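K.L.:
Questions regarding the structure given below will be posed in turn.
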Amino acid sequence: MQIERESMEFDVVIVGGGPAGLSAAIRLRQLAIAAGMDEFTVCVIEKGSEFGAHTLSGAIMETRALDELIPDWQNKGAPITVAAKEDRVYMLGSDTRSTRLPDAIVPASMHNKGNYIVSLGNVVRWLAQQAEELEVMMFAGFSASDILYHEDGSVRGIVTGDMGVNAKGEPKSSFEAGYELIAKYTIFAEGCRGHLGKRLISRFHLDKDKDPQHYGIGLKELWEIDADKHEEGVILHGSGWPLSETGSTGGWFLYFAENNQVSFGLVVDLSYHNPHLSPFDELQRLKLHPLIRPILEGGKRLSYGARALTKGGLNSLPKLSFAGGVLVGDDAGFLNPAKIKGTHTAMKSGMLAAESIFDAIKQGRSGDEVAEYEQAFKNSWLFEEAHQARNFSPAMHRMGSWLGGAFTFVEQNLLGGKMPLTINDTTPDHSQLDKADYAYRPNYPKPDGKLTFDKLSSVFISNTNHAEDQPCHLRLTDNTVPISTNLPLYAEPAQRYCPAGVYEIVQKEGQEPTFVINAQNCVHCKTCDIKDPSQNITWVTPEGGGGPNYPNM
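Heads up: the sequence shown at position 510 corresponds to 1050 in the numbering used here, and the numbers run straight through without jumps.
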């Protein structure tokens, strides 16, 4: 069916209203106003129902980029008020043992003096307000479903998703065609594993001669705890058990925020080998450890969410520019894995892209490749920081928590990030799984509904919602693969790596098993797109506004 679409033209279109996209928008308008170019138009589209609805992070925020972008952010009421007071780093040796590491041997990248405990969702909401005040055109609840190209192959803009389409792909009575958003340059800031960024990397071969990107899945719960247990500004990090039981790597966090709230979560490296591992259930049993349990017990769980994050660092960073557009933030992979922080790096990448694109437009250019962005990155503190952290993820993946941690201490504390060698990790995360028949099966306790919970009750408090009767946004390249290949080889790991209960194997007596996709549960974490061993699942945007609605996350 040929659809007639209205089009709108801008100087710059930005796909994604997170820290990177909003920082780019703010910087573009700041430059335009300073240059007397008030007519310079910038548009940001965001698939969440509001800016910040899909934003999920620990989060400890380093304000270096924000200090540059909005120097008076404190006077402007930024929701960044809880200063980091103390770091405590632990190694969990078993389900009962823990060892606090002396500060002297904690890698320098893990020290948080000068940083802040924040709700990144609220920071994003505040950044959106700053962008609106600068007359950026803001469209929340609109997903970017496709990329538009000029005849010469350069990016022309994007198409927003159609609304009111039924599960068969047919228009309903409520049908509204998506818009064509045309721009001189398009900035892709979709976050980790952006579905358009993924296509662009492939189309323009942006990852040529790079390590494959590596990922983690981050799961988070927000709790309100007893006031006498709360220590505002204290930061706990740890690794070891329970992931060590399956030979997996990652780490946990517990941050004492404001209003007697704590952010508790777990990051699991998606390079793990055991197909029986369930990141969600690892988070639940971690709460039973005597270091964690007393803090949360008696409290109230307020919210839950999950999101994949890029961990490959500089070695996996693709080429950043192509004809008509650029990648910023986690769409490229700017998170600093050694610091476990990506907000300041995402913001800085957006600012660098904005400055390079604004200069190009000011010169009368349109639709060509803004290679200056890549050079600006290499001349910035962002590159210096990425270079210092380049070995962290490969070291942890290849050496494990203890040896990898020791290597990181030597590199970060003794050599200042200037190790005279680069470690590479060239095996993609999806190809790491062992065969299920030979893998250890963790014993996950049943949830008690007070401290530990099941997936469905967790999805409920993430406020996840999708319009009914719409096309499934989790696409299978081959519908037979889950049963014919993944089930016999890997016990179909989608049942476990998905943190929202989207995927099920249903076996009725006397019938063949079937693979069921409960797409309405999807929290948009993208883990299935990353970890499926057959690379048979592709995540695409559902109808705009669908997905989680995270409060204070």
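All C-beta atoms, glycine included, are put in the ideal place defined by N, C-alpha and C.
The model shown is predicted, which means the values in this text are computed figures rather than measured ones.
1. Would you call the segment 1079–1093 in contact with the segment 719–735, where contact means no fewer than 3 C-beta pairs closer than 8 Å?
2. For Pro-968, which residues in the same chain have their Cβ closer than 6 Å to its Cβ, ignoring the five residues on either side in sequence?
3. Under 8 Å Cβ to Cβ from Asn-799, same chain only, skipping five residues before and after it: list those, please.
4. To the nearest angstrom, report how far apart Met-677 and Arg-567 are at their CA atoms.
5. Among Gly-1087, Gln-1035, Ser-971, whose alpha-carbon lies nearest the alpha-carbon of Gln-1010?
6. Can you give the Cα-Cα distance for Ala-1040 and Glu-579, rounded to whole angstroms?
7. Of the residues Met-887, Phe-591, Ala-946, which one's Cα is nearest the Cα of Ala-605?
8. Drop a sphere of 10 angstroms on the beta-carbon of Lys-958, count the other beta-carbons inside from all chains shown, and report buried for 16 or more, exposed for fewer.
9. So Met-891 and Ser-563 are supposed to be a Cβ contact under 8 Å. How far apart are they, rounded?
10. Please state whether DSSP places His-884 in a helix, a strand or coil.
11. So the alpha helix (DSSP H) Ser-742 belongs to, where does it begin and stop?
12. For the segment 807–826 and the segment 768–788, state whether three or more C-beta atom pairs, one from each stretch, are separated by less than 8 Å.
13. Go ahead and pull the three-state DSSP assignment for Trp-1079.
14. Given that a residue counts as buried once 16 or more other Cβ atoms are within 10 Å of its Cβ, and exposed if not, what is Gly-838?
15. What residues in its chain sit with their C-beta under 6 Å from that of Glu-549, if we drop five residues either side in the sequence?
16. Short of 7 Å in beta carbon distance, which residues of its chain neighbour Ala-863, apart from the five on each side in sequence? Order them along the chain.
17. Taking 6 Å as the limit between beta carbons, can you name the residues of its chain near Met-936, skipping five residues before and five after?
18. Going residue by residue through the segment 957–1016, where are the continuous beta strand (DSSP E) segments of at least 3 residues, counting only ones entirely within it?
19. Mind reading off the beta-carbon distance from Ala-560 to Ala-729? Whole number of angstroms is fine, and I expect it under 8 Å.
20. Between the alpha carbons of Asn-1061 and Thr-1025, how many angstroms are there, rounded?
21. Contact criterion: CB-CB distance below 9 Å. Does Ala-593 meet it with respect to chain C?
22. Just reading off the alpha helix (DSSP H) that Pro-819 is part of, what are its end residues?
23. Could you give the distance in angstroms between the alpha-carbon of Gly-1006 and the alpha-carbon of Glu-1083?
24. Tell me where the beta strand (DSSP E) around Gly-864 begins and ends.
25. In the DSSP assignment, the beta strand (DSSP E) including Trp-666 goes from what residue to what residue?
26. Using 9 Å as the threshold, is the C-beta distance between His-777 and Val-802 below it?
27. In chain order, which beta strand (DSSP E) runs of at least 3 residues are fully inside the segment 739–783?
28. Pull the bridge partners of Gly-1085 from the DSSP assignment, please.
29. Going by DSSP, what residues sit across from Phe-809 in a beta bridge?
30. How far does the alpha helix (DSSP H) with Ala-572 in it extend, from its first residue to its last?
31. For Gly-617, collect the residues of the same chain with a Cβ closer than 8 Å to its Cβ; drop the 5 residues on either side in sequence, then sort them by chain order.
32. Just to confirm the assignment, what range does the alpha helix (DSSP H) spanning Arg-847 have?
33. Look up Ser-933 in the DSSP assignment and say whether it is helix, strand or coil.
P.N.:
Reading from the atomic positions:
1. Yes: the two stretches touch, three or more of their Cβ pairs being nearer than 8 Å.
2. Here residue 968 is taken as the residue at index 428 of the sequence shown, counted from 1. Cβ within range, chain order: Pro-752.
3. Taking the first residue of the sequence shown as 1, we reach residue 799 at position 259. Same-chain partners within the cutoff: Glu-764.
4. Start at 1 with the first residue of the sequence shown, and residue 677 comes out as number 137. Start at 1 with the first residue of the sequence shown, and residue 567 comes out as number 27. Straight-line Cα distance between these residues: approximately 14 Å.
5. Position 470 of the sequence shown, counted from the start, is the residue given in the question as residue 1010. Selected option, being the one with the closest Cα: Gly-1087.
6. Position 500 of the sequence shown holds residue 1040. Position 39 of the sequence shown holds residue 579. If I take the Cα positions, the gap works out to 44 Å.
7. For the purposes of this step, residue 605 is identified with residue 65 of the sequence shown, where counting begins at 1. For Ala-605, the nearest C-alpha among the options comes from Met-887.
8. Within the sequence shown, residue 958 is the residue found at index 418, counting from 1. An exposed status is given to Lys-958, since fewer than 16 other beta-carbon atoms sit within 10 Å of its beta-carbon.
9. Start at 1 with the first residue of the sequence shown, and residue 891 comes out as number 351. Start at 1 with the first residue of the sequence shown, and residue 563 comes out as number 23. About 5 Å separates the CB atoms of Met-891 and Ser-563; that is less than 8 Å, so the two are in contact.
10. One-based indexing of the sequence shown puts residue 884 at position 344. It is helical.
11. To locate residue 742, count along the sequence shown from 1; it is residue 202. For Ser-742, the enclosing alpha helix (DSSP H) begins and ends at 735–743.
12. Taking one beta carbon from each stretch, the segment 807–826 and the segment 768–788 have 3 or more pairs nearer than 8 Å; the two touch.
13. As a position in the sequence shown, residue 1079 is number 539, starting the count at 1. In the structure shown, Trp-1079 adopts extended strand secondary structure according to DSSP, grouped into three states.
14. If you number the sequence shown from 1, residue 838 lands on position 298. Exposed is the label assigned to Gly-838, since fewer than 16 other Cβ atoms lie within 10 Å of its Cβ.
15. To locate residue 549, count along the sequence shown from 1; it is residue 9. Here the set comprises Ile-722.
16. Walking along the sequence shown from the start, residue 863 turns up at place 323. Around Ala-863: Gly-693, Ser-694, Val-695, Gly-907, Asp-908, Glu-909.
17. Looking up residue 936 in the sequence shown gives position 396. Thr-789, Gly-944, listed in sequence order.
18. Counting only runs of 3 or more, we get 1014–1016.
19. As a working note, residue 560 is residue 20 in the sequence shown. As a working note, residue 729 is residue 189 in the sequence shown. The beta-carbon distance between Ala-560 and Ala-729, rounded to whole angstroms, is 4 Å. This is short enough to meet the 8 Å contact definition.
20. Taking the first residue of the sequence shown as 1, we reach residue 1061 at position 521. Taking the first residue of the sequence shown as 1, we reach residue 1025 at position 485. Answer to the nearest angstrom: the Cα atoms are 24 Å apart.
21. Protein chains in the displayed structure number just one, and chain C is not present.
22. Your numbering for residue 819 matches position 279 in the sequence shown. Looking at the DSSP string, the run of the alpha helix (DSSP H) that includes Pro-819 is 819–826.
23. In the sequence shown, the residue the question calls residue 1006 occupies position 466. In the sequence shown, the residue the question calls residue 1083 occupies position 543. According to the sequence provided, residue 1006 is His. The question's Gly does not apply to it. Their backbone Cα atoms lie some 8 Å apart in a straight line.
24. For this step, residue 864 is matched to residue 324 along the sequence shown. Under the DSSP assignment, Gly-864 falls outside any beta strand (DSSP E); it carries neither an H nor an E label.
25. Residue numbering aside, residue 666 sits at position 126 when the sequence shown is read from its first letter. Looking at the DSSP string, Trp-666 is not in any beta strand (DSSP E); the run it does join, the alpha helix (DSSP H), is 660–673.
26. Locating residue 777 in the sequence shown gives position 237, counting from the first residue. Locating residue 802 in the sequence shown gives position 262, counting from the first residue. Result no, Cβ atoms of His-777 and Val-802 do not sit closer than 9 Å.
27. For the segment 739–783, whole beta strand (DSSP E) runs of length 3 or above, ordered along the chain, are 755–764, 774–780.
28. Mapped onto the sequence shown, residue 1085 falls at position 545. DSSP, once it has assigned bridges, lists no residue as partnering Gly-1085.
29. Locating residue 809 in the sequence shown gives position 269, where the first residue counts as 1. In the sequence as displayed, the identity of residue 809 is Asp instead of Phe. Bridge pairing for Asp-809: Gly-756 [DSSP].
30. Position 32 of the sequence shown, counting from 1, holds the residue named residue 572. Per DSSP, the unbroken alpha helix (DSSP H) holding Ala-572 starts and ends at 559–574.
31. Counting from 1 along the sequence shown, the entry for residue 617 is found at position 77. Within the same chain, Cβ atoms closer than 8 Å to the Cβ of Gly-617 are found at Trp-666, the five residues on either side in sequence being excluded.
32. On the sequence shown, residue 847 is found 307 positions in, with the first residue counted as 1. Looking at the DSSP string, Arg-847 is not in any alpha helix (DSSP H); the run it does join, the beta strand (DSSP E), is 840–850.
33. Numbered from 1 along the sequence shown, position 393 holds the residue referred to as residue 933. Helix at Ser-933.
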